[in-house]
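For reference, the structure discussed in these notes is given below.
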Amino acid sequence: MKIANIEAYWLRCPIPKEKQHRSDYGLLTNFDMTLVVVTTDTGLQGFGEAKAAVGSSGSCASIVSCVENELKPALIGQDASQINRIWEIVYNGTRDHYALSRGRKFPILGRRGLTISALSGIDTALWDIKGKALGVPVVELLGGSCRDKMPAYASGGWAGADAIGEQLKGYTEKGFSGVKMRVGVMDETVAESIKRVRAAREALPDHIKLMTDAHGTFSVPEAKQFCSGVEDCNLYWFEEPISPDNRIGTAEVRASTHIPIAAGESEYTAFDVRDLISEKAIDVIQPDCAIIGGITEAMRVSQLAHTYQLELAPHCWGSAFSFMAGLSVAFASPSANVIEFSLGGNPMMYELVKEKISVDEKGMLSQPTLPGLGLTPNWDFVKEFKQ
Numbered sequence: 001m002k003i004a005n006i007e008a009y010w011l012r013c014p015i016p017k018e019k020q021h022r023s024d025y026g027l028l029t030n031f032d033m034t035l036v037v038v039t040t041d042t043g044l045q046g047f048g049e050a051k052a053a054v055g056s057s058g059s060c061a062s063i064v065s066c067v068e069n070e071l072k073p074a075l076i077g078q079d080a081s082q083i084n085r086i087w088e089i090v091y092n093g094t095r096d097h098y099a100l101s102r103g104r105k106f107p108i109l110g111r112r113g114l115t116i117s118a119l120s121g122i123d124t125a126l127w128d129i130k131g132k133a134l135g136v137p138v139v140e141l142l143g144g145s146c147r148d149k150m151p152a153y154a155s156g157g158w159a160g161a162d163a164i165g166e167q168l169k170g171y172t173e174k175g176f177s178g179v180k181m182r183v184g185v186m187d188e189t190v191a192e193s194i195k196r197v198r199a200a201r202e203a204l205p206d207h208i209k210l211m212t213d214a215h216g217t218f219s220v221p222e223a224k225q226f227c228s229g230v231e232d233c234n235l236y237w238f239e240e241p242i243s244p245d246n247r248i249g250t251a252e253v254r255a256s257t258h259i260p261i262a263a264g265e266s267e268y269t270a271f272d273v274r275d276l277i278s279e280k281a282i283d284v285i286q287p288d289c290a291i292i293g294g295i296t297e298a299m300r301v302s303q304l305a306h307t308y309q310l311e312l313a314p315h316c317w318g319s320a321f322s323f324m325a326g327l328s329v330a331f332a333s334p335s336a337n338v339i340e341f342s343l344g345g346n347p348m349m350y351e352l353v354k355e356k357i358s359v360d361e362k363g364m365l366s367q368p369t370l371p372g373l374g375l376t377p378n379w380d381f382v383k384e385f386k387q
């Protein structure tokens, strides 16, 4: 199976007004993603997602250009089944032969950022192809599932203090045993974030896991103040308390509280995650398969979680393709306990593919069983919203 073609499509779909929400990213009126399609000389196609931004809205033109003008020429004709070799070709560029012969990296300058995001989409598509070619789900290629089912947590929570309890209870009524709400600069003050969390905790039963996510927007003193104000709210984790550029600061926040600190969705490659661990900055690792370097690198991160006895919780806010990639990694990892499930307006999760992605009445997700990622693009949707 040789790679015959690689394509990338920037898709932008309007979010219905009743499903829009406002956060520190502003009012999200559109959902953007980059669909990466790898085609082999046998006609088999694999699909993946590459992200230009952690948020769901943003220009993907540079990702499309990187995939089609930089990476595609280097990969046409390569054996699509040799996923590890292809990863090294992209990461090391013209010095890939040194990397493969000497067993260490000789990376290109773009070893972080858009190049790795572009690689993420290609890598995931290659895993999809391999699973389809062998007739097995990707999780089987990763060593098999560690469990039959896994609980999902509902990811949303933008309402004010007067309505956040009702909003989150709306999630638990669908069966979810865990919920995540947004905090941080969107609340204007730390006191308001604390007020909203306390209102949420008061409204929810004690057994419901409550997570908070600041999108990296607090300062170190603000994050410490927030932790102090919600110490008795039994938070399951506090996600990205401060800027991902300040790992030392994140470690300082972690040292100041017993609340577990989660991060990783903004990181590129396992090397970045290694540094977070070295700084003693995290308890929960959250690689995004559309950013970190694809399924290949997410599994390397999962091994770090296993080795350092940390929780793995892949960041799954994106399209159906990055969701299923993260789901496959989570099911294959003994360190994963819960899966993120987007409750925001997300047409890329539900309308981009023909298959229906849902949780059962108890908020549980079953291990994947269909070949590859088990997803089929809705090409009418792609044609309509391609930029």
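For the sequence shown, the residue numbers in UniProt numbering are 1 to 387. A virtual CB, placed ideally from N, CA and C, is assigned to each residue, including glycine. The structure presented is a predicted model; accordingly, all values stated were derived computationally and were not measured.
For C13, the closest C-alpha among the options L119, S319, A203 is that of S319.
Between the region 145–156 and the region 176–184, the count of C-beta pairs closer than 8 Å reaches three or more; the two stretches touch.
Membership of F331 in the alpha helix (DSSP H) is indicated by the continuous run 320–332. The shortest C-alpha to C-alpha distance from L141 to any of K130, E202, D148 is the one to K130. The criterion of a C-beta distance shorter than 9 Å is not satisfied by D123 and K2.
Comparing C-alpha distances from D24 to each of G216, L210, A118 shows the shortest one belongs to G216.
In chain order, G165, L168, K169, T172, V179, L210 place their CB closer than 8 Å to the CB of L204, counting only its own chain and leaving out the 5 sequence neighbours on each side.
Relative to the Cα of N5, the nearest Cα in the group L327, E68, L310 belongs to E68. For K224, the three-state secondary structure derived from DSSP is helix. Residue environment for H315: buried (at least 16 other C-beta atoms within 10 angstroms of its C-beta). A residue is called buried once 16 or more other Cβ atoms fall within 10 Å of its Cβ, and D96 is buried on that count. Under the DSSP assignment, M348 falls in the alpha helix (DSSP H) whose first and last residues are 347–350.
In the three-state reduction of the DSSP assignment, A159 falls in the coil class, being assigned neither a helical nor a strand state. The continuous beta strand (DSSP E) containing N30 extends over residues 30–40.
With respect to the C-alpha of R104, the residue from F271, D206, V37, E222 having the closest C-alpha is F271. Per DSSP, the unbroken beta strand (DSSP E) holding D213 starts and ends at 209–213. Separation of the CB atoms of V36 and E49 is rounded to 7 Å, and the pair is thereby assigned contact status at 8 Å. Around the C-beta of Y98, fewer than 16 other C-beta atoms lie within 10 Å, and the residue is accordingly described as exposed.
T212 counts as buried, since at least 16 other C-beta atoms from the protein chains shown sit within 10 angstroms of its C-beta. If you compare the alpha carbons of T40, K174, A52 with that of T34, the shortest gap goes to A52. Look at the beta carbons and you see the region 328–343 not touching the region 105–118: under three pairs across the two are nearer than 8 Å. Residue nearest to A251 within the set E297, G229, V220 is V220 (criterion: CA-CA distance). Note that the C-beta distance between L114 and S62 is below 9 Å. In this structure, the straight-line span from the alpha carbon of G326 to that of I194 is close to 30 Å. In this structure, D283 sits near A262, with a CB-CB distance shorter than 9 Å. Counting only runs that start and end inside the region 140–193, the beta strand (DSSP E) elements of at least 3 residues fall at 149–155, 178–182. Of the other Cβ atoms in all chains shown, 16 or more fall within 10 Å of the Cβ of K224; this residue is therefore buried. If one requires a minimum length of 4 residues, the alpha helix (DSSP H) runs lying completely within the region 96–121 are 96–102, in chain order. Counting other Cβ atoms within 10 Å of its Cβ, N346 reaches 16 or more and is therefore classed as buried.
By the Cβ-count criterion, L134 is exposed, with fewer than 16 other Cβ atoms from all chains shown falling within 10 Å of its own Cβ. Per DSSP, reduced to three states, the secondary structure at K356 is coil, with no helix or strand assignment. For the alpha helix (DSSP H) assignment, the uninterrupted runs of no fewer than 4 residues enclosed by the region 245–308 are, from N- to C-terminal side, 247–255, 269–278, 294–307.
Cβ-Cβ distances below 7 Å link I86 to L75, Q78, L126 in the same chain, with the five nearest sequence neighbours on each side left out; the list follows chain order. DSSP places I15 in the coil class of the three-state scheme, outside both helix and strand.
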